[in-house]
Structure formats: C-alpha cells, structure tokens
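Residue numbers (the numbering used here), protein chains in the order written: chain A, 448 to 604; chain B, 31 to 564.
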C-alpha cells in the first residue's frame with residue numbers, strides 16, 4: 448500500500464526539506480561571503496566596472512556551494528542542510544546516490560531560486576515548489592535531475 | 031467568422047488602441063533653433079533668460095496656466111528640457127530620451143538606448159551629422175543623438191576612471207563637451223565588504239564629433255593608498271572622492287573653465303575637496319583651486335550606518351550649484367559660488383581670491399544651497415535659493431529656507447522671501463518647503479520650485495510672490511499615464527517664449543516622489559507674435 452515509504456526509501460517529510468533548505472539558505476552564502484572577504488573578489492573598483500559584477504557573484508556562489516556541499520553530495524547525496532535534517536537525494540529509478548554531475552549541473556542551479564526571492568523573483572521558487580505538492584513530493588528540480596529526496600534509512604518521518 | 035464578430039473585434043481594437051494613437055505623432059522635429067544652450071541658460075551659468083527668449087515677466091506671470099501634463103516613467107526625474115519651435119526633448123526614465131510635440135505633448139520619437147538614466151540637461155550643437163543632442167546618462171556616459179531622427183550617433187564616457195558616475199550636466203562649447211565626473215563609489219561605500227575608496231572625481235573633455243576623450247583632469251592626482259582594514263580582510267583606501275556633479279562654467283575671455291567639487295569619500299582628506307577649480311579650457315591644466323571646507327570626508331555609509339563611514343565624519347558640504355560668472359555694477363567680472371553650507375562668495379575669476387563672502391541659513395548635506403543660483407545683471411541682483419532641509423551633522427542652528435536677493439557688488443541682502451516652515455505649514459504642505467532645485471530668472475521675475483512641490487514666481491525687485499501653483503497633486507496627462515507631482519528638486523524650472531516647464535517629483539534623496547512633467551503657458555499672448563512664436 449505505502450509504496451516507497453519503507454525505511455530508507457521514504458519520501459522526506461516536508462518539514463525536513465524546509466529545515467534543510469533553510470540551513471543551506473544561510474550557510475552557503477555565509478561561506479561564500481567569507482570567501483569573498485578573503486579573496487577580495489568584490490572589494491575594489493575594478494570588480495564593479497561595467498555595472499553589477501554578476502559573474503563574480505555567481506562564481507562565489509558556486510564556490511561556496513561546493514565548499515559546503517561538494518563532498519557530501521558526492522559521497523552521500525546530501526547537502527549540509529539535508530544531512531542535519533536526516534534526508535538525502537537519491538536517483539528516482541535506482542534509489543542510489545545520483546551521479547555527481549546530475550546533482551551539480553542539473554539540480555544545484557535551482558538552489559539560488561531561494562535567494563532570488565529576496566530580489567522579487569519569488570514566483571520562480573513558487574513554481575518549482577508547487578510541483579512538490581503532488582503525491583510524490585517531487586519538485587521541478589527533482590524532475591529535472593531525475594532524483595527524489597528521501598528520509599535517511601533508520602530515521603522516521 | 032460572422033460579420034458581427036468582425037465588427038466587435040474592430041470596435042475593441044479601436045477602443046484599446048485609441049489611447050496609443052493619441053500618444054503618438056511620429057514626425058520630424060523642427061531643429062532650426064534650440065533653447066537653452068546649456069544648463070545655465072548661457073555658458074556663464076547666469077540662469078537668466080533674456081526678453082527675446084522669454085515673454086514671461088512680473089506683469090504677466092499671474093497669467094500662467096497649465097497647458098498640459100505628461101506622466102514620466104520615473105519617480106525621480108533629473109533632466110533639464112530642451113525646446114525648439116515645435117518640440118520639447120525630455121528624459122523619460124525607462125522610455126529613454128523622448129521628443130514631445132510642444133503643443134500637444136504627443137511623442138514624435140523615442141530613443142530607448144538611454145533608458146533609465148538621462149539625468150542631466152539636454153543640450154544641442156551643430157555637428158557633421160546635423161543638429162545633435164547631447165546629455166549624460168548616469169552610468170553609460172554621454173550620448174550624442176540625432177536631433178531630427180532620434181538615432182543614437184555615439185555614446186562615450188571617460189576611460190580614465192574605473193567607476194565614473196555622470197551626475198553633472200555636460201557643457202558643449204566650441205566643439206568640445208565638458209563632462210563632470212563623479213564616482214559610483216559614493217554608493218558602493220554602503221557595502222561593508224567594499225574597500226572604500228580609490229577613485230577621484232574630475233573633468234573630462236570629449237570631441238563633440240566623435241566622443242573621443244581630449245583630456246581628463248582628476249580632482250585628486252595622488253594615487254590612493256591602503257589606510258587600514260575592516261572585517262579582518264577588507265582594505266580601506268584613500269584619498270578619494272572630490273566628485274564633480276554640477277555643470278561647469280566657461281569664461282571665454284580668459285579661456286577658463288570653472289567647476290565645484292564635493293567631499294572626499296575617504297581619508298586622508300585632500301586640498302581639492304569642497305573646492306572651486308579653474309582650469310585651462312583647451313588643455314585641462316589647473317590654473318587655481320580654492321578650497322572652502324577642509325577635512326570633509328563623508329560617504330553614503332555615514333547615512334546608512336555602514337563600516338565605510340570615515341572615522342572623522344565630515345559635514346558633506348559639496349558645491350552642487352555651478353559657479354556663476356557675472357559683472358557687478360562697476361562692470362567687474364566676479365565668479366559667484368555657493369555651497370551646501372549656505373555660504374555664498376564672490377571670487378576673482380583670474381586668481382580665485384575671495385572678494386566677499388556671506389552665509390545664509392543653516393546648511394546641511396542636502397543644502398543649504400544645493401543646485402543653483404541665478405543672476406540679473408541689469409538689476410544687479412544675485413538670487414540664492416536656500417533649502418535648509420533638516421539633514422546634516424549639526425542641526426542646532428536655525429534654518430532660514432527661502433529666496434534671497436543679494437547685491438552682486440557686496441552680497442548685501444536686498445530682499446528675502448522666507449518660506450513658512452512651521453509645523454502647521456509642513457502639515458498642510460506635506461513636506462519641507464525649502465528651495466533645493468535650481469532656479470531661473472527673466473525680466474523682472476524669478477521662478478523657483480520648493481521641496482513641497484510649490485512652484486512660485488517672485489517679483490525680481492521685491493520678492494513678492496506673483497503666482498503660485500501646487501504641483502504636488504495628481505494630473506490628467508496627455509500620455510494617459512497616471513501622474514502626480516512631488517518635490518521640485520534638481521535642475522528646476524525653465525522659461526522659454528510664453529512657456530514655463532518643470533518636472534515635479536524627486537525620490538532621489540528621500541524627497542517627495544512624483545512623475546509629472548508640466549508645461550505652463552501664458553493665457554494671453556505677450557506680444558503680437560503670439561504664443562509659441564520663436
């Protein structure tokens with residue numbers, strides 16, 4: 448009856464996903480900012496020539512994301528937030544840890560949507576999350592990367 | 031499809047497109063003669079419109095009536111219009127530069143290349159392309175636009191500064207565009223992770239034909255050095271700043287260009303901030319510099335509460351009002367300069383030495399005297415608008431907002447038209463009624479707009495208010511866009527023929543926002559030539 452809800456293959460509870468997202472939302476930019484301060488990437492006039500230095504901001508975000516989550520994603524299919532919330536990303540078909548390139552190239556680009564809400568693009572995130580209201584709780588970023596988020600084996604929703 | 035359906039679609043199409051039709055009148059503007067030639071009406075920046083260019087006088091100012099209103103696509107309009115026999119050129123926010131029909135306000139052409147930032151006076155000059163418009167876009171630099179077609183001819187800035195901000199109005203004279211240079215670091219200083227600051231203000235000269243830079247003179251010539259750290263890693267730099275954001279003044283007889291500077295953004299302070307520069311107009315070599323306020327280090331972090339605010343925060347007493355070159359009653363030429371502090375001084379244009387100096391009002395970082403003076407040499411009067419908006423380090427002194435008329439000879443007050451800034455008056459007006467915007471004078475009349483949105487005509491000899499119009503109100507516009515007025519700030523009103531033009535609304539520095547561009551006209555022709563005659 449409860450297909451896909453056994454331990455280790457149970458769709459993650461919404462509150463755990465929200466908690467994980469909230470942790471990542473704060474931690475990744477914080478680390479990116481530390482990188483920014485150390486490297487001085489946005490510190491001088493040259494960085495700001497020709498308007499807002501979007502490329503530098505994006506690169507800082509990528510570096511911050513990989514520093515916080517790179518190894519965890521590769522080894523466990525988890526971001527730091529997901530690890531603390533005891534959930535993980537698995538391949539939708541096999542239930543195994545997805546290939547790293549899928550997590551980085553297909554799934555991670557959706558991460559900044561949370562921060563895009565701060566500059567008015569809230570509807571992009573809303574569109575992504577609305578899909579998750581369905582029974583399988585898979586958002587657009589889950590579909591695009593062929594993944595789903597499940598509870599870690601041994602932990603109850 | 032039935033005939034009924036076709037008719038219904040046609041009616042709906044007409045209903046929805048009718049407004050657009052009313053807006054557009056695509057046509058080639060008359061480009062035979064342009065007015066004004068510069069921000070300051072003339073290259074001496076007197077802001078005085080002669081009787082041949084304005085029929086509005088003390089006797090008929092009360093006959094001014096709103097002719098039409100145009101809804102701007104910005105809440106902080108910062109352009110000064112340019113007028114021909116049948117066209118008014120304006121900066122319309124995201125719509126870019128727009129040529130409006132002078133009679134009806136409909137659109138002859140739009141140039142959206144300059145969307146978002148046409149933020150200076152619009153001036154014209156003859157080039158090999160034909161009559162050409164010039165103005166500054168705050169980030170993109172100077173645009174040259176074909177006055178008849180609206181096509182962009184070129185767009186250039188200075189390559190000598192990494193983060194130039196083109197806040198001031200360029201002056202075009204003798205084939206050269208003199209471009210005031212400020213710096214975007216004034217805003218970046220609010221970011222705590224930004225290492226403030228390394229750039230300088232300056233004056234650039236561009237070729238009017240090509241936009242090529244002929245020369246550039248920074249206001250700070252020494253290179254910035256590291257002066258400390260914040261947040262462990264972020265290096266602080268200085269000296270920096272001394273931006274130029276007002277229109278320069280040309281003294282053709284001496285071959286000099288005059289302009290004022292603002293504060294230093296970071297320590298150490300230099301001897302060139304809050305100063306008046308005189309430079310060779312053809313080479314850009316310094317002739318003299320006269321500093322009025324020393325050790326004034328200030329940036330926007332001081333307002334926002336950021337880490338980059340200098341330890342010794344200065345009062346931010348820029349020269350925003352362009353220097354004004356005029357003769358006193360003895361025929362002696364003097365350079366009149368006015369500062370945010372409220373100080374007005376007359377200088378010897380050859381040496382920069384002070385001839386006389388007076389102080390009016392309390393001053394502050396929004397003025398004091400903010401955007402510009404006017405002079406009537408025939409009447410021997412210098413008109414000084416004082417804002418005294420409550421913003422500054424020391425607000426203990428009593429404010430005296432209003433319009434002063436000073437003797438050009440010695441600065442003595444001939445009359446003072448005080449603004450009522452009582453709590454009751456402010457409650458009624460909805461804002462501080464100081465005079466921050468530039469003003470304009472004509473034969474027997476001075477036109478000034480205040481931050482509460484009142485537009486007033488003063489008698490040039492007595493200061494009596496001859497006419498008043500409340501612009502801080504909603505308007506029905508010719509382009510159908512919802513519009514309301516607000517503070518009258520920045521470049522202020524313009525007089526031309528039987529017209530008075532003004533933008534109302536200025537959210538730029540926390541003033542009362544608004545998006546109304548208003549055209550007033552004398553209800554009776556002032557002479558046999560009739561209204562609009564040029």
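Glycine included, each C-beta is placed from N, C-alpha and C at the ideal position.
- The beta-carbon distance between residue 502(B) and residue 482(B), rounded to whole angstroms, is 6 Å. This is short enough to meet the 8 Å contact definition.
- Distance from the CA atom of residue 374(B) to the CA atom of residue 468(A), rounded to whole angstroms, is 59 Å.
- For residue 195(B), no chain A residue has a Cβ inside 9 Å of its Cβ, as the nearest lies near 11 Å away.
- Annotated three-state conformation of residue 440(B) is coil, per DSSP.
- In this structure residue 174(B) touches residue 184(B) by the C-beta definition: roughly 5 Å separates them, less than 8 Å.
- Looking at the backbone, the Cα of residue 186(B) and that of residue 550(B) are separated by about 35 Å.
- Interface residue (Cβ-Cβ distance to chain B less than 7 Å): residue 574(A) is not classified as such.
- Nearest neighbour of residue 256(B) by Cα position, chosen from 115(B), 154(B), 370(B) and 226(B), turns out to be 226(B).
- The beta-carbon distance between residue 305(B) and residue 319(B), rounded to whole angstroms, is 5 Å. This is short enough to meet the 8 Å contact definition.
- Residues of chain A with a Cβ closer than 9 Å to the Cβ of residue 215(B) are, in chain order, 492 and 495.
- Secondary structure of residue 476(A) (DSSP, three-state): helix.
- Under DSSP, the beta-bridge partners assigned to residue 110(B) are 151(B).
- Taken in chain order, the members of the segment 249-268 of chain B whose beta-carbon sits within less than 9 Å of a beta-carbon on chain A are 261, 262, 263, 264, 265 and 267.
- Just measuring C-alpha positions, the residue of 464(B), 489(B) and 478(B) sitting nearest residue 542(B) is 464(B).
- When the beta-carbon positions are compared, residue 364(B) and residue 358(B) come within less than 7 Å of each other.
- Counting along the chain, residue 561(A) sits inside the alpha helix (DSSP H) bounded by residues 560-563.
- In the three-state reduction of the DSSP assignment, residue 533(A) falls in the coil class, being assigned neither a helical nor a strand state.
- If only uninterrupted beta strand (DSSP E) runs of at least 3 residues are considered, those enclosed by the segment 119-150 of chain B are 127-131 and 137-141.
- Contact of residue 223(B) with chain A is assigned, a C-beta pair being separated by under 7 Å.
- A Cβ-Cβ contact shorter than 7 Å links residue 168(B) with residue 149(B).
- By the Cβ criterion, the segment 416-435 of chain B is in contact with the segment 385-393 of chain B, since at least three pairs of Cβ atoms, one from each stretch, lie closer than 8 Å.
- Following the DSSP letters along the chain, one finds residue 220(B) in no beta strand (DSSP E), marked with neither H nor E.
- Taking CB atoms only, residue 502(A) has no neighbour in chain B less than 7 Å away.
- Runs of alpha helix (DSSP H) with 4 or more residues, each lying fully within the segment 319-351 of chain B, are found at 331-334, listed in chain order.
- Looking from the CA of residue 480(A), the closest CA among 307(B), 433(B), 261(B) and 381(B) belongs to 261(B).
- In summary, residue 381(B) is exposed, with fewer than 16 beta-carbon neighbours lying within 10 Å of its beta-carbon over all protein chains present.
- Taking CB atoms only, residue 566(A) has no neighbour in chain B less than 7 Å away.
- For residue 570(A), the enclosing alpha helix (DSSP H) has its first and last residue at 569-577.
- If you look at residue 457(B), you'll find it in the alpha helix (DSSP H) that goes 453-459.
- For residue 169(B), the chain A residues whose C-beta falls within less than 8 Å of its own C-beta are 498, listed in chain order.
- Looking at the DSSP output, residue 172(B) shares a beta bridge with 166(B) and 186(B).
- Counting of Cβ neighbours within 10 angstroms places residue 451(B) among the buried residues, the total reaching 16 or more.
- Inter-segment contact for the segment 487-497 of chain B and the segment 76-85 of chain B is absent: fewer than three beta-carbon pairs are separated by less than 8 Å.
- The bridge partners DSSP lists for residue 500(B) are 484(B).
- When the beta-carbon positions are compared, residue 479(B) and residue 521(B) stay at least 7 Å from each other.
- The beta carbon of residue 484(A) falls within 7 Å of a beta carbon belonging to chain B, placing the residue at that interface.
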